[in-house]
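Trainee: Sharing a structure, written as structure tokens. Questions coming.
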Amino acid sequence: MKGWSNKVAMANWAMVVSKVFGGLNVNALHYLLPLWLAPLTGATFRCVFAAVAFWILGLFARPEKASTRDKWILFVMGAVGIYGYMFSYLMGLSKTTPVSAAIFTSMQPIWVFVISVLFMRERVTLLKVVGILVGLGGALLCILTQKSDDLATDALTGNLFCLMSSVIYAIYLVLSNRFLKRTGTYTLMRYTFSGAAVSSLLVMAFTGYDAPLFESPLHWWPLALLLFVLIFPTVLSYLLVPVGLRYLKTTVVAIYGYLILMVASITSFLTGQDRFSWTQILAMVLICVGVYAVEIAESRSSRAPTSRLHSSPHS
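0 is the number of the first residue of the sequence shown in numbering that gives the first Met the number 0; add one for each residue after it.
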């Protein structure tokens, strides 16, 4: 029992570190996009760097077994899911503000529950429905009221891209949790990011390469931020997420997205990357309340003997 408690604590700490890096990632990318790095080029850098890193790290890890069929499924899941998430998220972040982008990221628990209801027969309760409706109300408030300005060149389009990225990543969370039960962390990361890398290279072959930060003379601060994005939020954070998925419920893992919102909001305020408005704050509160309602409902169902998702420690 004590050993299991230690593993759960480790999983929670893994998610905290992962999401703090995720929050800083929002601000770093907003600084880079699109002045120093085009969104699609940035997505290619992240996918290719992560794929190479995970294959190298996998050489030093315990051997993991996976069927050829599972490897191909993971490859396709990365080609569509991870690259789709990277593509839409970076496109959105280049057009809207960091706080707005983080607001939509924090909605992932809501999408996880909706997906679970539609495809995994998750139990529906009144509190969960209320949480979803409140969260969606916050999202609509953010989408419909934010105007384009010097900090958000095309707020509506950017917010819609960020909303799409949140849904795509929630689908990836649910699917990756199911595959993690029979494949290891490095197998999951290597093949999904390999698929994402192939997709990104194919897209860049048509859209072209655009990275002014590498033009002479070299710009050291943008380069440092890019290295931070590639090493910590891209590789380390994605490596930590499966640790959380192995010992925590999928929805609980997604709930940690609120840390991204907190870190990104504080950093945006301190660095002048965003101006807080009452509508934005209200949208943030509504989404946090909605996510909290879903969290409370999930914790109640996890104590019930009929809770299917809690039947396995890997859920």
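Note that beta-carbon positions come from the ideal geometry of N, C-alpha and C, so glycine has one too.
For L229, which residues of its own chain have a beta-carbon under 6 Å away from its beta-carbon, when the five flanking residues on both sides are left out?
Mentor: Only F48 meet the Cβ criterion.
Trainee: Between the alpha carbons of F86 and H29, how many angstroms are there, rounded?
Mentor: If I take the Cα positions, the gap works out to 14 Å.
Trainee: What does the alpha-carbon distance come out to for the pair W220 and W35?
Mentor: Approximately 11 Å between the Cα atoms of the pair.
Trainee: Tell me whether A213 sits in a helix, a strand or coil according to DSSP, three-state version.
Mentor: Looking at the sequence shown, residue 213 is not Ala but Phe. It is helical.
Trainee: Helix or strand or just coil, what does DSSP make of F275?
Mentor: The answer is coil: DSSP assigns F275 none of H, G, I, E or B.
Trainee: Could you check if I280 is buried or exposed, using at least 16 other CB atoms within 10 Å of its CB as the buried criterion?
Mentor: I280 should be labelled exposed.
Trainee: So which of F59, I72, K127 has the shortest CA-CA distance to R177?
Mentor: Taking only the C-alpha atoms, the option nearest R177 is I72.
Trainee: Beta-carbon separation of V19 and G130 under 9 Å?
Mentor: Their beta carbons are not under 9 Å apart, which means V19 does not touch G130 by this criterion.
Trainee: To the nearest angstrom, how far is the alpha carbon of R181 from that of V242?
Mentor: So the alpha carbons of these two residues sit roughly 14 Å apart.
Trainee: Got a sec? Which residues, its chain only, sit under 7 Å from S208 by beta carbon, not counting five neighbours each side?
Mentor: Reading the sequence as shown, one finds Tyr at residue 208 and not Ser. Cβ neighbours of Y208 beyond the five flanking positions: T40.
Trainee: What would DSSP say about N5, mapped onto helix, strand or coil?
Mentor: Three-state result, N5: helix.
Trainee: Identify the continuous alpha helix (DSSP H) that holds S68 and give its terminal residues.
Mentor: Checking the sequence, you will find Arg at residue 68 rather than Ser. Residues 67 to 76.
Trainee: Taking 9 Å as the cut-off, decide whether the C-beta atoms of A78 and A195 are in contact.
Mentor: Yes, these two residues count as a Cβ contact at 9 Å.
Trainee: What number of angstroms, rounded off, separates the C-alpha of L172 from the C-alpha of T270?
Mentor: Cα-Cα distance, rounded: 31 Å.
Trainee: Whose CA, out of Y84, A8, Y88, lies closest to the CA of T191?
Mentor: Checking every option, the nearest Cα to that of T191 belongs to Y84.
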